Amino acid sequence: MAFTYFNQTYTLNYIKNKGSCQPVQDRFKWGFSFIQALILVTLLVIWTFGTYTMWLKARLQLPLQGQAEVPKGWRSVLILAETVSKQLKEAGIDPHSLTDRKLKGEIKKHLRGGSVSFDIPLTRNVVPKFYTNSASGSDNPKRFIP
Numbered sequence: 023m024a025f026t027y028f029n030q031t032y033t034l035n036y037i038k039n040k041g042s043c044q045p046v047q048d049r050f051k052w053g054f055s056f057i058q059a060l061i062l063v064t065l066l067v068i069w070t071f072g073t074y075t076m077w078l079k080a081r082l083q084l085p086l087q088g089q090a091e092v093p094k095g096w097r098s099v100l101i102l103a104e105t106v107s108k109q110l111k112e113a114g115i116d117p118h119s120l121t122d123r124k125l126k127g128e129i130k131k132h133l134r135g136g137s138v139s140f141d142i143p144l145t146r147n148v149v150p151k152f153y154t155n156s157a158s159g160s161d162n163p164k165r166f167i168p
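Numbered continuously in the numbering used here, the sequence shown closes out at residue 168.
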């Protein structure tokens with residue numbers, strides 16, 4: 023077996039004994055790629071802007087149920103218990119007259135397996151309005167309407 027390079031023939035034994043792999047000159051150079059750095063910085067700026075936008079939207083639009091903070095601890099337990107009790111009454115289930123197993127079955131059957139929903143708006147886009155005592159619009163609010 024023989025190989026030809028620039029009209030000169032070389033045998034396989036000659037190539038194995040005296041040949042070595044070397045990069046082709048003037049085709050590839052090591053160094054810093056400004057194009058790659060530009061693309062990377064551009065993508066990083068886009069990602070940072072997108073992350074900031076999502077944080078800002080969540081901060082400004084997600085509701086806190088009219089509170090200054092998200093309920094934690096005992097207050098959250100009380101809100102959850104009140105909501106579950108309300109949903110049980112609406113479904114016509116008396117939790118005090120049923121055993122635990124029967125109550126679990128009724129909840130799965132009538133309340134979609136026990137999922138709890140809150141009656142709050144998902145965004146703060148609506149300006150709150152209040153009912154008043156009279157048509158003249160006294161300053162005594164009755165209840166909150168989102």
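Quick reminder that beta carbons are idealized off the backbone N, C-alpha and C, glycines included. All values derive from a computational prediction rather than experimental measurement.
Alpha-carbon to alpha-carbon, Asp-48 and Met-23
30 Å
Output needed for Glu-128: all residues of its chain with C-beta closer than 7 Å, excluding positions within five of it in sequence on either side, in chain order.
Ile-115, Leu-120
Can you give me the C-alpha to C-alpha distance between Tyr-32 and Trp-52, rounded to a whole angstrom?
31 Å
Between which residues of its own chain and Lys-79 is the CB-CB distance below 6 Å, once the five residues before and five after are set aside?
none
So, helix, strand or coil for Gln-58, using DSSP?
helix
Leaving out the 5 sequence neighbours to the left and right, which residues in its chain are closer than 6 Å to Thr-145 when beta-carbon positions are compared?
Per-residue confidence for Thr-145 stands at a pLDDT of 49, beneath the threshold of 50, marking its modelled position as unreliable; the derived number appears in the next sentence. For Thr-145, where only same-chain residues beyond five positions count, the Cβ hits under 6 Å are Gln-83.
What is the rounded straight-line gap between the Cα of Lys-126 and the Cα of Gly-135?
8 Å
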